[in-house]
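Chemist: According to my numbering, the sequence shown is numbered sequentially starting from 2.
Right, I'll just put the structure down here and ask away after.
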Amino acid sequence: MSQSVNPQYLKQQQNEITEYFIYQELASVSKDEKNKEILLKISEDEKKHYDFWQGVTGVEVKPNRRQVKKYLRLAQLFGLSFSLRLMERGEEGASRFYDSIADELPEVLAIKEDEEFHEQQLIGILNDERLNYAGAIVLGLNDALVEFTGTLAGLTFAFGNNKVIGVTGLVMGVAASLSMAASGYLSSQEDERDDLNPVKSALFTGVAYIVTVAFLVFPYLIQDNSYLALGGMLVITVLIIAVYTYYISVAKNVKFSRRFSSMVAISLGVALLSFGIGMLVKKVFNVEM
C-alpha cells in the first residue's frame with residue numbers, strides 16, 4: 002500500500018464495502034421479497050461507491066466483519082428500520098468529509114447524494130413488521146406506564162406494605178394485560194390496514210403491558226422499604242420510556258427529546274397525583290397495614 006494514500010479515503014472505502022456486505026446479508030435472510038429487492042438495490046450502490054474509492058486508492062480493503070455481524074444481529078432483534086437507520090446515523094460524519102474533499106474529488110458529491118437521499122428513501126419504504134405493530138406496543142406500554150405508576154404510587158402511601166403492593170400490582174397487571182390484549186384485538190379488526198394481523202396486534206399489546214408491569218412491580222418484591230420501592234419504580238419508568246423512545250426515534254427517524262419529555266411528564270404527573278390521593282385516602286379512612 003502506498004504511503005501517500007489518505008487514511009480517510011481508506012476508511013470510507015472500508016465503510017462502503019462493509020455496508021455492501023451488511024445489505025447483502027440482510028437481503029439473504031429477508032423473507033419479504035420487496036424488502037429483499039430494496040436491500041439488494043442499496044447494496045449495488047454501496048459496491049459502486051467502493052469501486053470508486055478503490056480506483057482512487059489503488060488498493061483492496063476488506064470489510065469490517067464485526068460490524069456486519071453487529072447490524073445483522075440488531076436487525077434480527079429490533080427490525081430492519083432500526084438497524085439500518087442506526088447504521089446511517091453512524092455515517093453522518095461522512096457527509097462533512099465529502100464536503101471537505103469535493104474540490105479535490107468532485108465525484109464524491111454524487112456519493113453524498115446517494116447516502117443522504119436515495120438510501121434514506123429506500124429505507125423509509127421497507128416493510129418492517131416490528132414498526133407495523135409499533136402502535137400496538139405503544140398502546141400496551143403507555144397504558145401500563147401511566148396506569149401503574151399512578152396505581153403503585155397511590156398504593157405505596159395508602160398501604161405502605163411492599164408485599165401487598167407487589168402482589169396487588171401483579172394481579173391487577175395480569176388482568177389488565179388480558180383486557181388490553183382484547184381491546185387491541187378488537188381495535189385492529191376495525192383497522193383498515195391489511196398488513197396487521199389482529200391476533201399479533203393483541204399479542205404485542207398484551208405482552209408489552211405485562212412486561213412493563215413486571216418491571217414496575219419488581220422493586221416492591223425485593224425489599225421492604227416502600228419509599229425506596231417507589232423511587233426504584235419511578236427510575237425504572239424513566240428508563241423504560243428512554244429505551245423505547247430511543248428505539249422509535251431511530252427507527253422512525255423522529256426527534257427523541259420531545260417524545261421522551263412528554264411521556265415522562267405524563268407518567269410522573271399521574272404518579273404524583275395518585276400519591277397525593279393515596280395520602281388523602283389513608284388520612285380520611287385511617288388505613289393502616
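Heads up, the beta-carbon is just placed ideally off N, CA and C, and yes, glycines get one too.
Since this is a predicted model, take the numbers as computed values, not measurements.
(1) Can you look up Leu41 in the DSSP assignment and give me helix, strand or coil?
(2) Among residues of its own chain, excluding the 5 on either side of Ala103, which ones have a beta-carbon nearer than 7 Å to its beta-carbon?
(3) With DSSP as the reference, label Pro220 as helix, strand or coil.
(4) Does Glu105 pass the burial test, meaning 16 or more other C-beta atoms within 10 Å, or should it be called exposed?
(5) Would you mind reading off the limits of the alpha helix (DSSP H) that contains Ala145?
(6) What do you get for Gln14, buried or exposed, if any count of 16 or more other CB atoms within 10 angstroms of its CB means buried?
(7) Take every Cβ of the segment 45-58, pair it with every Cβ of the segment 71-82, and state whether three or more of those distances are shorter than 8 Å.
(8) Assuming Gly155 contacts Val218 under a Cβ cut-off of 8 Å, what Cβ separation, rounded to an integer in Å, is found between them?
(9) Using 8 Å for Cβ pairs, my map puts Val265 next to Val239. What's the rounded Cβ distance?
(10) Taking 7 Å as the cut-off, decide whether the C-beta atoms of Pro199 and Tyr186 are in contact.
(11) When the Cα atoms are used, what is the spatial distance from Leu296 to Leu127?
(12) Report the option in Leu41, Tyr10, Thr157, Glu34 whose CA atom is closest to the CA atom of Phe22.
(13) At the level of alpha carbons, what is the spacing between Lys284 and Gly141?
(14) Excluding five sequence neighbours on each side, which residues of the same chain lie with their C-beta closer than 6 Å to the C-beta of Tyr221?
(15) Between Val251 and Phe118, is the Cβ-Cβ spacing less than 7 Å?
(16) Below 8 Å on the Cβ atoms is my guess for Asp115 versus Asp46; work out the distance and round it to an integer in Å.
(17) Relative to the C-alpha of Met280, which residue among Leu153, Ala145, Val214, Lys35 is closest?
(18) Using 7 Å as the threshold, is the C-beta distance between Val139 and Thr58 below it?
(19) So Ile18 and Val62 are in contact, right, with Cβ under 8 Å, and what is the actual spacing, rounded?
(20) Could you tell me the distance, in whole angstroms, from the CA atom of Arg90 to the CA atom of Gly277?
Modeler: Let me spell this out:
(1) helix
(2) Once the five neighbours on either side are set aside, the close Cβ partners of Ala103 are Val109, Leu110.
(3) DSSP places Pro220 in helix when its eight states are reduced to three.
(4) exposed
(5) 135-160
(6) buried
(7) no
(8) Not confirmed; about 14 Å, so no contact.
(9) 6 Å
(10) yes
(11) The question about residue 296 has no answer here: the residues shown for the chain are numbered 2 through 290.
(12) Leu41 is the residue among Leu41, Tyr10, Thr157, Glu34 whose C-alpha sits nearest the C-alpha of Phe22.
(13) 33 Å
(14) In chain order, Asn163, Ile166, Gly167, Ala230 place their CB closer than 6 Å to the CB of Tyr221, counting only its own chain and leaving out the 5 sequence neighbours on each side.
(15) no
(16) The distance from the Cβ of Asp115 to that of Asp46 is about 5 Å, consistent with a contact at the 8 Å cut-off.
(17) Leu153
(18) no
(19) Right, the Cβ-Cβ distance comes to about 6 Å (below 8 Å), so this counts as a contact.
(20) One C-alpha to the other measures close to 43 Å.
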